[in-house]
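Chains as they are written, first to last, in this note's numbering: chain A, 287 to 372; chain B, 41 to 1055. Ideal placement from N, C-alpha and C gives every residue a C-beta, glycine not left out. Contents: one structure, followed by commentary.
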Ligand SMILES: [Zn+2]
C-alpha cells in the first residue's frame, strides 16, 4: 500500500503520512445499554464491501476525515464523506 | 553488417588482438587473459594497480574491473557452489542477475561480484562451500541428486520426529547462501531512505532510456535516470554492432558503443537530469512509486510518469549439465571483452538461433578466442555478410543443430551437439567456453508489478506486459529485441508521450528484429538439465512436480521454489513457462508425454507460435525484483518521526548535559550528578527545561463542553486564575494520560500534559472536536511555547524580582495561574508543585527560549540558581509518590488504579469512556500502583524487576531510585490489589537472585501532607 491519498485540507500526499484509525460508526446515545456501548468501543464488523473509515493526516495537517472505501475494489477507491453525527 | 574498429575501419576480422598482458600482469595473471585493444570495441587500458584477495590469495586487477571480471581474468572459474547439490558454478550472465557470483566481501554476505567495483584490499570469500569452492565436501549431494527431489522438505523426514530434527539441522547446514555477520564487523553501516519527486523516472539507461531522457529534457521535464549497472549505455556500452538509419544522423555509422557514448555526452550534466547508477529499481507500486536500492540507501521515487526501459537479457537454454562453469550467456561474454578487456576463453562454441549470435562470435575472435564452432538451430542459415565472413575464416557453422550436453570435469572440457530433438548426437567439440546466444527475454519485473502476469506475444515470440496503467510507459528491448535505431526512436517517442502526458505510441518490430526461433531445449532424461539454477531445480524435478498436479505456473513456482531464488525469475521465468506449456495438456491439465519427446516440435525453425505457450501466462513478478538487504528496508525514515529539540537544547549541550529520548523529544537527562541536582531543589532553588510537555489552548462557546466530555472531572466551577489536576481517559475508560487544566481568562482554558504521548493526545482531542462538531478554538501550543519550571523554597523570593505581578501566597496561592511579563516577554505563570517544593511553571514563546534561559541563570546567580535534568525530576516526583501514566501504569489501568476514583454522574452524557468508568468501580481492582520504601542500606533494584509474594509473581517495579533526601531506596510498584494497602510488605527479586523487602507507603515519602507546597 503506497498510493497517494487526497487530504481534504492538503491535497495529494503519500499514504504513509496518514493513519488509518478504524471503522467509523455513530456513537451510541448514553441511554443505550452497556452492551451496546461496549460493542461500539470494542468490536468492528470488518465486513466486505463499502464501509466508512476514520483517517487522520498524522504526519501532515493533523486533520481528521471520513472516507467511504470499498475493500473489494482498488485500494484507492476513497470517497470523502460528511461526518454522520449521532 | 560489418564489425569494425572506429580508429581503423576495415580491419580484417581475423587479425584480432593479441592477448595483451597489462604492465603489471604478474605471476597471477596465469591465463594471459588481459586485452588492451580489440578491433571492434574500445576496451579499458588501465593498469593492474589494485590488489584484492580471493579466499586469502592476492589477485591484481584494473581499477575498472568488477570483482567478477578481476577474478575471471585471474583464472578463477568456480565462483560458488549451488544451493542444494553444491555443484560448482561460475560466471554466467556477468551482470548481476543470477546467484552464481554471490560472494562475501569484507564480511558483507551475498554481494553480487559482477556488480561490485574492485577496491584496494578487498577481502573476498566464497560462500556455501566447505572447505573450499574448488573442493567442496558437500558436493556429495550432487551424487544424491535423484534422492533430493523437489519439495523434499515437505515430503520426507516427517517420521519419526527425531529424524526430522536431525535432518533439519543437516539440511540447514548444507543449504543456503552466505552467513550473516554475527560478529558485528559492520555495525557502523547506516541505512537511509531517500526521496525523489521527478517529473519522469526512467528505469534503464540503455539506448531507449537515454533517448527517452533526451526527449524529456528537451521538453523541460525533470528526469531521474536509474540504472543498476556500473556505467550508462545498457547493452550498447560494449556492443560492436554498427548503427544504421538512426533518427539522430550523427550516430549513424558509429559502433553502438560509440553511439551510446555520444548520446550520454549529449544529456549528461543537464540541470534537469539526475542519474543514479548502481541503483536497482526493485518495485513499482500504485501511483508511480518506484522503489530503488543503492547499497545502503533506499530511494522512494514518486514520479508523474515512469518509463520502464529495463531491456532484455539472454535466454536460458536447457541441456545436460548446462550449469557447468564455462557455460556463459552471450552478453556476459561481451561484457567481459568490451567493459573489462578480458579474454573470455581459449576455445569457444557459440550456440545461437538468430543473427545477433554471429556478432558475438566475431567479437570473441577479436578478443583472441578461437571459435571452434557456431551451432545454429536454424536449418537454413541467413545469407548475411557476417556469416560469410566466418565461413571465410574457416569457422565451422552447423545449421539445424543444438547443444545436447556440456561435458565437464569441474569446468567445461567439451560440448556435444546434435539434432534438435536431442535424439542423435553428431559431434563432440572440445572447448572451455560455451556461449548461449539464443535470443532475448524482456526484463518484465517492473511492468508485471504495474499490470499483472506477462502474456505470450505470438508475433514477437516473447512474453510482454501490455495495457499499462496511466503514467507507466515501456520502451526498448523490454518490448522486444530491436536495432539501435529502433530503440532510439521508441525511447524518443515514449519520452515525448510521457512529457506530454499522452498515451504510449504503438511499439513496432520488423524483419530481423523478430527472433522467431525459440531456444531448442534438450530434455532427454532431464536429471542434470537445470532450469532454475538459483534454487537448483532440474528439468526432471519440474516435470515431476507438474505430474503431481502443480501444473499452473503460479502453483508450480510456489511448490518447487523456481523463480524464488536470488535472480527472482529474471534468468528462468521464460524457461519455466516453456516447460509448463510443454508438460501440460491445457484441455485436461494432465501431463503430456515424457520430456524430450515433444521438444523437436517445439524448436522447429520457423514454426508458427506455440499455441500452448500462448495460453500459459508467465508467473507474476513480485517485488522485490532483485535481492535487497533487510537493513535497507528497515532503515530510518526520519521525516515521519522527526527528532524534536527544545528551544534551549544547544545551551544544555554547552552546559554538558546528557540527553535521552522521550517520544520524539530529546530531554536533558542531567548536568552531571542527578542526586546532587535533587539536593539542590530540596535545599532551595533550581530550574528545569520542561518545554517537552504538551500544551493546548481551548476557547470558544463549547470549550467547557469539550473539556467535560474529555476529562472525568467537572470544570464548570473552576474559577478564572485557578488550575486543577485531571486524568485523561480513552473511549474505553482506561487511563491514557494526566494533565493540569487551567482557567486562564474567562472561557479560555489551557491544558498541559506529561511528555511522551502528546501527539496521541492531540489526535484524540482533534477527533472529539471533529466528531461532535463542537464550536471551539483549539490550538496546539506544544512547540509554540517553551516552558521552564522554577522550584525550591526560594523560588518565590527569586521570581518576585522578575515578574510584574504579586506572587505572595495570598495573591498567587498553590494552583493559581495567570499572565505576566518577564523581561518584556509575555509569560503564562502556573503555581504547581510536582517536585514537592514550591514551584512555578513559566510558559513563553519558544523564540525567547535561549534569551530567557540566559536571563534566569544570570538573575539567579546571586540566589545560586542552577539547572537540573529529567532524572532528578523523576526522583523528586518519586519522593512525592507521583506516577507517570503509561510508565507507572499500563494499558489496562483504570483511572482509579492511579488513585483517582470518583463517581460519574448520569448527566455526563458525552464523557469519553463513561460506559466503562462505572464498571471499573463495580468490578474492583486487580492491580494497583503504589509507592514503597526500602530499608536504609538496602540495594536499589533496577526498573522493571518482578515482585514476589510467597514465591509467586504478584507485580513489578515500575520505577526505583535512591532518594538522596531520605537516604534510602524508594519506588513505585504495580502490585496485586491485596498487597497495595499501606504497611503491606512484599519482596523484590534482584537480577542476582537476592530479594529485597519493601514496605507500601500511604502516600508521599517526602512531605506527605504537602506543607511545603502551600508555605
Ligand atoms: Zn492534510
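1. So for residue 694 of chain B, helix, strand or coil by DSSP?
2. Evaluate the contact criterion for the stretch 465-485 of chain B versus the stretch 383-396 of chain B: three or more CB pairs, one atom per stretch, below 8 Å.
3. Taking 8 Å as the CB-CB cut-off, is residue 369 of chain A touching chain B?
4. Could you spell out the range, first to last residue, of the alpha helix (DSSP H) harbouring residue 432 of chain B?
5. Going along the chain, which residues put their C-beta within less than 7 Å of some heavy atom in ligand 1?
6. Taking the Cβ atom as the reference point for each residue, do residue 978 of chain B and residue 1008 of chain B lie within a distance shorter than 8 Å?
7. Could you list which residues in chain A have their beta carbon closer than 9 Å to that of residue 803 of chain B, in chain order?
8. Can you find a C-beta in chain A that's less than 8 Å from the C-beta of residue 771 of chain B?
9. Pull up the DSSP beta-bridge partners for residue 729 of chain B, would you.
10. What did DSSP end up calling residue 289 of chain A once you bin it into helix, strand or coil?
11. Given that residue 807 of chain B touches chain A, what residues does it touch there, using C-beta distances under 9 Å?
12. Pick helix, strand or coil for residue 416 of chain B, following the three-state DSSP scheme.
13. Report yes or no: do three or more beta-carbon pairs, one from the stretch 600-617 of chain B and one from the stretch 568-575 of chain B, lie closer than 8 Å?
14. Of the residues that make up the stretch 747-769 of chain B, which ones have a beta carbon closer than 9 Å to any beta carbon in chain A?
15. With distance defined between alpha-carbon atoms, name the residue in B:471, B:437, B:442 nearest to residue 453 of chain B.
16. Using C-beta distances below 7 Å, list every residue in its chain close to residue 714 of chain B, excluding the 5 sequence neighbours before and after it, in chain order.
17. If you reduce the DSSP assignment to three classes, tell me which class residue 569 of chain B lands in.
18. Along chain A, which residues have their Cβ under 7 Å away from the Cβ of residue 400 of chain B?
19. Compare the C-beta of residue 329 of chain B with all C-beta atoms of chain A and state if any pair is closer than 8 Å.
20. Between which two residues does the beta strand (DSSP E) harbouring residue 866 of chain B extend?
21. Let me see if you follow: with CB-CB separation under 8 Å, is residue 326 of chain B close to chain A or not?
22. Please look up how many angstroms separate the CB atoms of residue 661 of chain B and residue 488 of chain B, rounded, as I've assumed it's under 8 Å.
23. List in chain order: all unbroken beta strand (DSSP E) runs of 3+ residues lying wholly within the stretch 258-323 of chain B.
24. How about residue 413 of chain A: is its C-beta nearer than 8 Å to some C-beta of chain B?
25. Just to confirm, is the Cβ distance from residue 145 of chain B to residue 164 of chain B under 8 Å?
26. May I ask you to report which of helix, strand or coil DSSP gives residue 352 of chain B?
27. Grouping DSSP H, G and I as helix and E and B as strand, with all else coil, what is residue 460 of chain B?
28. Which residues, in chain order, does the stretch 808-834 of chain B contribute to contact with chain A at a C-beta distance below 9 Å?
29. Measure the alpha-carbon distance for residue 1039 of chain B versus residue 971 of chain B and round it to whole angstroms.
30. Once DSSP output is grouped into helix, strand and coil, what is the label at residue 476 of chain B?
31. How many angstroms separate the CA atom of residue 742 of chain B from the CA atom of residue 782 of chain B?
Let's see:
1. DSSP, reduced to helix, strand and coil, places residue 694 of chain B within a helical segment of the structure shown.
2. Touching, per the Cβ criterion.
3. Legend: pLDDT at residue 369 of chain A = 47, less than 50; position of this residue unreliable, no value from coordinates given.
4. It spans 425-432 - the alpha helix (DSSP H) in which residue 432 of chain B sits, taken as one unbroken run.
5. Cβ atoms closer than 7 Å to ligand 1 belong to A:293, A:295, A:296, A:299, A:343, A:346, A:347, A:349.
6. Cβ distance < 8 Å, so residue 978 of chain B and residue 1008 of chain B count as in contact.
7. Those within 9 Å of residue 803 of chain B in chain A are 305, 307, 342, 344, 348, 350.
8. Answer yes: the Cβ-Cβ gap between residue 771 of chain B and chain A drops below 8 Å somewhere.
9. Answer is B:828.
10. It is coil, neither helix nor strand.
11. What residue 807 of chain B touches in chain A: 307, 340, 342, 350.
12. In the displayed model, residue 416 of chain B falls within a strand according to three-state DSSP.
13. Touching, yes, given that three or more Cβ pairs across the two stretches are closer than 8 Å.
14. Look at the stretch 747-769 of chain B: it has no residue with a C-beta under 9 Å from a C-beta of chain A.
15. For residue 453 of chain B, the nearest C-alpha among the options comes from B:471.
16. 909, 911, 912, 915, listed in sequence order.
17. Residue 569 of chain B: coil per DSSP, three-state reduction.
18. Correct list: empty, because the minimum Cβ distance to chain A is about 41 Å.
19. Yes, contact with chain A.
20. It spans 865-872 - the beta strand (DSSP E) in which residue 866 of chain B sits, taken as one unbroken run.
21. By this cut-off, residue 326 of chain B is an interface position.
22. Going by Cβ atoms, the distance from residue 661 of chain B to residue 488 of chain B rounds to 4 Å, so yes, they are a contact pair.
23. For the stretch 258-323 of chain B, whole beta strand (DSSP E) runs of length 3 or above, ordered along the chain, are 263-266, 313-316.
24. Nothing about residue 413 of chain A can be reported from this structure: the residues present for chain A run from 287 to 372 only.
25. Cβ distance < 8 Å, so residue 145 of chain B and residue 164 of chain B count as in contact.
26. DSSP places residue 352 of chain B in strand when its eight states are reduced to three.
27. If DSSP states are grouped into helix, strand and coil, residue 460 of chain B belongs with coil.
28. Listed in sequence order: 809, 810, 811, 812, 813, 820.
29. Rounded to whole angstroms, residue 1039 of chain B and residue 971 of chain B show a C-alpha spacing of 9 Å.
30. In this structure, residue 476 of chain B counts as strand in the three-state DSSP scheme.
31. If I take the Cα positions, the gap works out to 16 Å.
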